[in-house]
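Residue numbers (this note's numbering): 26 to 280. For each residue, glycine too, the CB sits at the ideal point set by N, CA and C. Just so you know, these numbers come straight off a predicted model, no measurement behind them.
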């Protein structure tokens, strides 16, 4: 049993065949999926997808690309929106200085509002970080919250900071890419007890599906690859990452 800990099932890529995508996930051993919110205007649609499928859960939050359009959002707004039984996390939020679609200060402020909401609700924060290592590390080191680094692909020092502060790390199909040698070395160092796997579908399809629309079923390819990197069986990797998911997203156990 595998869990895709990060996908975007509301995106237009899935509008014509979502039933088939969900079915295909199950046929490939992916028993549950977490559909991630990137802006508040899509939350109702994400909630509806979670309501329609027993094995889909959701989050609420604002991606750093969308931060400028959500500058007024406060922790109390996120807390209220998260009061839905299948909403089990906050985000994705964080810092993206690669594209810098929103001013850095607004990104940081909104990241902190998500953390405040997490502290109030005990929900984990899903962190997106790109080209923002130092500021991400600073926030992780100075705030006390539960969460994970999603789609980890940055410097190991960020992973080290996350691990030191009790966070989890989620690995996507990027780990299978030819040029991702540095990431593969980092994954070897991350304890199995802190690892999750994800697709970030519809993006970042792993080898051998590179170039195709990514979907939750492809979690299997990433999990097989990570198992080999870690020197464990696929079954063991699946068991441990699933256990880690339930430990982190503990609201799912209380539903």
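Here residue 58 is buried: its Cβ has 16 or more other Cβ atoms, across all protein chains shown, within 10 Å. Pairing residue 40 with residue 46, the inter-Cα distance amounts to about 10 Å. Between residue 64 and the set 52, 273, 48 and 35, the nearest pair of CA atoms involves 35.
Assigned with DSSP and collapsed to three states, residue 153 falls in strand. For residue 98, there is no enclosing alpha helix (DSSP H), as DSSP gives it neither H nor E. Between residue 200 and the set 247, 125, 33 and 225, the nearest pair of CA atoms involves 247.
With fewer than three CB-CB distances shorter than 8 Å, the region 115-126 does not count as touching the region 65-83. Counting the other Cβ atoms within 10 Å of the Cβ of residue 37 gives fewer than 16, which makes it exposed. Inter-segment contact for the region 93-107 and the region 132-143 is present: three or more beta-carbon pairs are separated by less than 8 Å. Annotation for residue 123: no alpha helix (DSSP H) segment contains it, and DSSP assigns it neither H nor E. Per DSSP, the unbroken alpha helix (DSSP H) holding residue 246 starts and ends at 244-255. By the beta-carbon neighbour count (other beta carbons within 10 angstroms, threshold 16), residue 269 is buried. Residue environment analysis places residue 186 among the buried positions, since at least 16 neighbouring C-beta atoms fall within 10 angstroms of its C-beta. The shortest CA-to-CA distance from residue 164 to any of 52, 183, 108 and 33 is the one to 183.
The beta carbons of residue 195 and residue 177 sit about 6 Å from each other, so the pair counts as a contact at 8 Å. In the three-state reduction of the DSSP assignment, residue 27 falls in the strand class, which pools E and B. Here residue 124 is exposed. Its C-beta has fewer than 16 other C-beta atoms within 10 Å. Excluding its 5 nearest sequence neighbours in each direction, residue 207 has no C-beta neighbour in its own chain below 6 Å. If you draw a straight line from the Cα of residue 232 to the Cα of residue 244, it is about 11 Å long. Around the CB of residue 218, fewer than 16 other CB atoms lie within 10 Å, so the residue is classed as exposed. Restricting attention to 157, 82 and 162, the CA atom closest to the CA of residue 122 is found in 157.
If you look at residue 258, you'll find it isn't in any alpha helix (DSSP H); DSSP assigns it neither H nor E.
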